[in-house]
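In full-length UniProt numbering, the protein residues as written are 1 to 449.
Written as structure tokens, this is what we have:
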């Protein structure tokens, strides 16, 4: 007889959230994480739980007019450990929620380690369990053995996309005689002062020379079997964007709109923004600068950016291949594997994209498991909530044949009434979602008991 009631495989954001929800409901959890047990993924840096790999941002925290901000709000109302630790360890980032990623993951690790209902085991799981309630939350970097086992169980090859990582710069190596502090439109965030980003300005000639350098720079070579793997649009390498046209970046991560250069009184032709990456303010990441340039090429090119001529890098950018399953075809409405319903999948391996989305699916997978263990039937969150819209997309709303990773967005929500004015739609979506989630949480099968 096992000493746990649910086995969770994977200690990322989804697995950590799932473990917390189950433990808080009174159920014993075995959380298996291979990092720290002699194994490592191509992208992780350490062995803490809920490590944030690609950036330190949970994106917008505006719960009134942004879908991911609404998801933040819903998760907080459901006792999310990920949102709790994010709020405790946030750093200035305008209207976005960004965190000190070391303090954040350390906080999650400590909370789970100290919980009496959670046993963390540093081990690699190579095959899917044949019985017992299981949540697979191994993320997009699932180890080869388990990935093969999943393929055998589903009869399907894993789908894949490329994801990229942005560089991190030491703050004291930035030339602040050229760069300046500001948030776009001087917008003040929850803990900022309207001056939350370092801005490095470019004139027209500098910008076009930089774009050409991106196009010409030496890049990571793909293996033959990787050549047809697509990129995820939300983490597109900056040089791939540059190849789409010389002005693409100026209307994307390098747009100067809303950023008054105090030395000229005007918006720059283009700008490179850096966002605080740790609580001490010593590390800053290059916003939107995910890249597959080789390391030497990154250093050479990024030091042509005004203000970064003497930049020292704590980490350079990189590229990794992420895998996910064809969830709309393989999973039921409660995230159970149709061919083996004792197994649920959660997080990015299901094809959701983003830190928050991953944790959210871990949260709801755990709540389905809680209901099953207690002999109740938990209805899914309403489709007009952020949780329900995201879940519905994963488990059947998307076309299985063309399924690709997606962030939460209002396009996944049921339409509002036709008489709602366009300018009022975002608030309409979030107000409707708030009322629906409140009603769902009141029902006998709606919350953890």
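Just so it is clear, CB atoms sit at the ideal spot from N, CA and C, and this is done for glycine as well.
Would you kindly report the start and end of the unbroken alpha helix (DSSP H) that includes residue i?
{"i": "residue 273", "result": "Residue 273 -> not in any alpha helix (DSSP H); beta strand (DSSP E) instead, spanning 270-276."}
{"i": "residue 295", "result": "295-302"}
{"i": "residue 110", "result": "101-114"}
{"i": "residue 284", "result": "Looking at the DSSP string, residue 284 is not in any alpha helix (DSSP H); the run it does join, the beta strand (DSSP E), is 283-286."}
{"i": "residue 129", "result": "That residue, residue 129, is in no alpha helix (DSSP H); it is neither H nor E in DSSP."}
{"i": "residue 20", "result": "13-24"}
{"i": "residue 210", "result": "204-216"}
{"i": "residue 242", "result": "238-243"}
{"i": "residue 330", "result": "327-330"}
Tell me whether residue i is buried or exposed, calling it buried when 16 or more other Cβ atoms sit within 10 Å of its Cβ.
{"i": "residue 308", "result": "buried"}
{"i": "residue 183", "result": "buried"}
{"i": "residue 113", "result": "exposed"}
{"i": "residue 367", "result": "buried"}
{"i": "residue 332", "result": "exposed"}
{"i": "residue 238", "result": "buried"}
{"i": "residue 251", "result": "exposed"}
{"i": "residue 191", "result": "exposed"}
{"i": "residue 170", "result": "exposed"}
{"i": "residue 377", "result": "exposed"}
{"i": "residue 311", "result": "buried"}
{"i": "residue 444", "result": "Any reading at residue 444 needs caution, since the residue's pLDDT is 42, under 50, leaving its predicted position unreliable; the model's value is listed next. By the 10 Å Cβ count, residue 444 comes out exposed."}
{"i": "residue 218", "result": "exposed"}
{"i": "residue 438", "result": "exposed"}
{"i": "residue 330", "result": "buried"}
{"i": "residue 17", "result": "buried"}
{"i": "residue 363", "result": "buried"}
{"i": "residue 319", "result": "buried"}
{"i": "residue 245", "result": "exposed"}
{"i": "residue 209", "result": "exposed"}
{"i": "residue 348", "result": "buried"}
{"i": "residue 224", "result": "Here residue 224 scores only 46 on pLDDT, less than 50, and its place in the model should not be relied on; the value that follows carries that caveat. Exposed, by the Cβ-count rule."}
{"i": "residue 430", "result": "buried"}
{"i": "residue 204", "result": "exposed"}
{"i": "residue 391", "result": "buried"}
{"i": "residue 264", "result": "exposed"}
{"i": "residue 33", "result": "buried"}
{"i": "residue 11", "result": "buried"}
Check each candidate in the options and name the one with the smallest Cα separation from residue i.
{"i": "residue 103", "options": "76, 147, 12 and 48", "result": "48"}
{"i": "residue 107", "options": "86, 93, 127 and 96", "result": "86"}
{"i": "residue 323", "options": "71, 95, 81 and 148", "result": "148"}
{"i": "residue 365", "options": "394, 384, 88 and 171", "result": "394"}
{"i": "residue 56", "options": "286, 430 and 378", "result": "286"}
{"i": "residue 153", "options": "381, 340 and 209", "result": "340"}
{"i": "residue 410", "options": "262, 361 and 386", "result": "386"}
{"i": "residue 14", "options": "208, 174 and 52", "result": "52"}
{"i": "residue 215", "options": "359, 64, 362 and 248", "result": "248"}
{"i": "residue 31", "options": "105, 146, 109 and 91", "result": "109"}
{"i": "residue 176", "options": "262, 7 and 425", "result": "262"}
{"i": "residue 79", "options": "379, 396, 414 and 360", "result": "360"}
{"i": "residue 111", "options": "328, 81 and 187", "result": "81"}
{"i": "residue 137", "options": "352, 116 and 178", "result": "352"}
{"i": "residue 357", "options": "382, 75, 414 and 135", "result": "75"}
{"i": "residue 389", "options": "193, 417, 372 and 433", "result": "433"}
{"i": "residue 189", "options": "90, 133 and 259", "result": "90"}
{"i": "residue 6", "options": "379, 371, 421 and 327", "result": "371"}
{"i": "residue 212", "options": "302, 258, 11 and 151", "result": "302"}
{"i": "residue 315", "options": "291, 268, 327 and 338", "result": "291"}
{"i": "residue 415", "options": "425, 407 and 406", "result": "425"}
{"i": "residue 412", "options": "207, 396 and 3", "result": "396"}
What span of residues does the beta strand (DSSP E) with residue i cover, start to end?
{"i": "residue 154", "result": "Run containing residue 154: none in the beta strand (DSSP E); it sits in the alpha helix (DSSP H), 144-154."}
{"i": "residue 341", "result": "340-345"}
{"i": "residue 169", "result": "168-170"}
{"i": "residue 305", "result": "Premise fails: residue 305 is in no beta strand (DSSP E) and is neither H nor E."}
{"i": "residue 180", "result": "180-182"}
{"i": "residue 188", "result": "That residue, residue 188, is in no beta strand (DSSP E); it is neither H nor E in DSSP."}
{"i": "residue 121", "result": "118-122"}
{"i": "residue 333", "result": "Careful: residue 333 lies outside any beta strand (DSSP E) and carries neither H nor E."}
{"i": "residue 314", "result": "313-315"}
{"i": "residue 6", "result": "6-9"}
- prompt: Considering only residues of the stretch 370-445, which uninterrupted alpha helix (DSSP H) runs meet the minimum length of 4 residues and lie entirely inside it, listed in chain order?
  reply: 386-392 and 425-442
message: Measuring CB atoms only, is the stretch 15-32 touching the stretch 58-71, in the sense that at least three cross pairs come out at less than 8 angstroms?
response: no
- prompt: Fully enclosed by the stretch 33-97, which alpha helix (DSSP H) runs are 4 residues long or longer?
  reply: 67-77 and 81-88
query: If you pair each beta-carbon of the stretch 89-100 with each one of the stretch 117-132, do three or more pairs fall below 8 angstroms?
result: no
message: Taking 8 angstroms as the cut-off, does the stretch 195-205 touch the stretch 168-183 (at least 3 CB pairs, one atom from each stretch)?
response: yes
message: Does the structure place the stretch 299-318 close enough to the stretch 197-216 that three or more beta carbon pairs sit under 8 angstroms?
response: yes
- request: Kindly confirm or deny that the stretch 121-139 and the stretch 290-305 touch, where touching means at least three C-beta pairs closer than 8 angstroms.
  value: no
message: Would the stretch 253-272 count as touching the stretch 65-78 if we require 3 or more Cβ pairs under 8 angstroms?
response: no
- request: Take every Cβ of the stretch 127-146, pair it with every Cβ of the stretch 273-293, and state whether three or more of those distances are shorter than 8 angstroms.
  value: no
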